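Read the structure below first, then the notes.
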Amino acid sequence: MAIGVAILGAGLFGKDQYLPAIKVNSNYTLKAVYSRSQQSATKFGEEASVDVYYNSPETPDKSLSKLLERSDIAAVIIALPITAQPDIIRAAWKAGKHVLSEKPVAKDSTVAKQLIADYEPYKAKGLIWGVAENFRFLDPIAYGTEQLKRLGGKVTGFHVSIHDMIKDGNPYYATEWRKNPDHQGGFILDGGVHFVAGLREFLSALNDSIEKVVSFSAQMQPHLPPVDTVNGVCLLKSGRSGTFSLSFGIEFKSDFLIEVTSTNGSVAMGPAGVKVIERNGSDGDRKEALKEFPSDTGVGLEIEAFGKAIVNNAPDVRQSAEEAFLDLVLIEKLLGSGEQGGALLTI
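In the working numbering, the protein residues as written are 335 to 681.
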């Protein structure tokens, strides 16, 4: 039997990513959509041909609580502002619903830690909670992780270099909660967890992780408060180090690189695909191979994984709140070090 699901959040990501992913997945039947405003809920509902629920204007039989009372809805997918999500996640659990909530897991690690603790009694009852970090479902990330495991060796270094210009009026940025953030780091935190997740997947393939960070941050663009740039150096538990450079406010530089080097080779994920460099025999030569991938967001695969987790009552580790928590802590520390003028912070 298909899983009855509702989308909570009628923004661009819900319409552009979750809606089509659910429509093509036979494991789901989309039953309803919820938004804070009637206008956005109605527009989404008309496109999706589903029931609509909203909070404004107040209409008792169209409220979120009414949606959560429906017995034909077993799960909800939440794509709402960071600060609004925790209370709605708790309400969904209380109503007996499985939950897939957008990354980051919460606005800060304190809120996230409490949310994870609050989940425990519902977890014991068999409710699935996944955090939707789609980077963990990207084929290049999965392939790069596999290649690093195959190469083995010890980490000798890593580099993350992500630079882009988020223009004023960008449709994904032009929401009130992103333009006037009440969470640390603004868009750097919200978007940065993606790249942290990718880096952590690569490092975990070689049984390493980041223990300490030093960074500096800045706001280059007035429309991207409080900061749009962070440059850091990270120390691994193995004693090796690497760099993490992320900016959404640099106009004349655009790049994407997540690279990890080991004593046996290197794996680099970039726009062209994943490049693997390794030894070619024992005479010191080396060989390179580039594997290309079609453009994809990974959302379809994470929706599929969430459905399987519900059916099998077995959470997918790629959607675990604990992994999302560690993503959040790392970007939080990078921002925190920058706020303190380059303080050495321990993860």
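We treat Cβ as the ideally placed atom computed from N, Cα and C, and that holds for glycine.
This one's a predicted model, so the numbers in the text were calculated from it and none came from an experiment.
C-alpha gap between residue i and residue j, whole angstroms
i, j, result
"Pro-354", "Ala-655", "25 Å"
"Ser-371", "Thr-417", "17 Å"
"Gly-519", "Leu-669", "6 Å"
"Ser-374", "Leu-472", "29 Å"
"Asn-468", "Ser-360", "20 Å"
"Phe-384", "Thr-376", "Strictly speaking, residue 384 in this sequence is Val, with Phe absent from that position. Distance between the alpha carbons of Val-384 and Thr-376: 9 Å."
"Asn-504", "Gly-615", "49 Å"
"Asp-502", "Ser-600", "37 Å"
"Thr-577", "Ala-658", "21 Å"
"Glu-545", "Tyr-352", "35 Å"
"Tyr-506", "Leu-346", "7 Å"
"Gln-308", "Thr-393", "Nothing about residue 308 can be read from this structure; the chain reaches only from 335 to 681."
"Val-663", "Thr-680", "10 Å"
"Arg-574", "Ser-538", "14 Å"
"Gly-289", "Val-608", "The requested residue 289 does not occur in the structure, where the chain is confined to residues 335 to 681."
Burial state of residue i (16 or more Cβ within 10 Å)
i, result
"Pro-556", "exposed"
"Ser-435", "buried"
"Val-561", "buried"
"Thr-597", "exposed"
"Pro-605", "exposed"
"Arg-652", "buried"
"Phe-586", "exposed"
"Arg-470", "buried"
"Val-358", "exposed"
"Ile-381", "According to the sequence displayed, residue 381 carries Glu and not Ile. Result: exposed."
"Ala-451", "exposed"
"Arg-534", "buried"
"Met-300", "The structure shown does not extend to residue 300, since the chain spans only 335 to 681, so no value can be given for it."
Sub-7 Å separation of residue i and residue j beta-carbons
i, j, result
"Ser-691", "Val-564", "Given a span of 335 to 681 for the chain in the structure shown, any question on residue 691 remains unanswerable."
"Lys-396", "Tyr-388", "yes"
"Gln-419", "Ile-411", "no"
"Val-439", "Trp-463", "no"
"Lys-365", "Ile-407", "yes"
"Ile-665", "Phe-582", "no"
"Leu-570", "Asp-542", "yes"
"Val-339", "Ala-429", "no"
"Lys-667", "Val-547", "yes"
Residue i - DSSP class collapsed to helix/strand/coil
i, result
"Tyr-388", "strand"
"Lys-400", "helix"
"Ser-549", "strand"
"Val-439", "coil"
"Phe-590", "strand"
"Tyr-295", "Residue 295 lies beyond the stretch modelled for the chain, which goes from 335 to 681, so this question has no answer here."
"Ser-374", "helix"
"Gly-464", "strand"
"Ile-411", "strand"
"Arg-620", "strand"
"His-497", "strand"
"Asn-361", "coil"
"Val-445", "helix"
"Asn-565", "strand"
"Ile-681", "coil"
Proximity test, Cβ basis, 7 Å: residue i and chain B
i, result
"Ile-611", "Among the protein chains of the structure shown there is no chain B, as only one such chain exists."
Exercise. Do the segment 510-522 and the segment 457-465 touch if we need at least three Cβ pairs shorter than 8 Å?
Worked result: no
Exercise. Touching or not, the segment 622-633 and the segment 492-500, by the rule of three or more beta carbon pairs under 8 Å?
Worked result: no
Exercise. Is the segment 478-485 touching the segment 667-674, taking contact as three or more C-beta pairs under 8 Å?
Worked result: no
Problem set entry | Three or more C-beta pairs below 8 Å linking the segment 627-637 and the segment 438-456 | no
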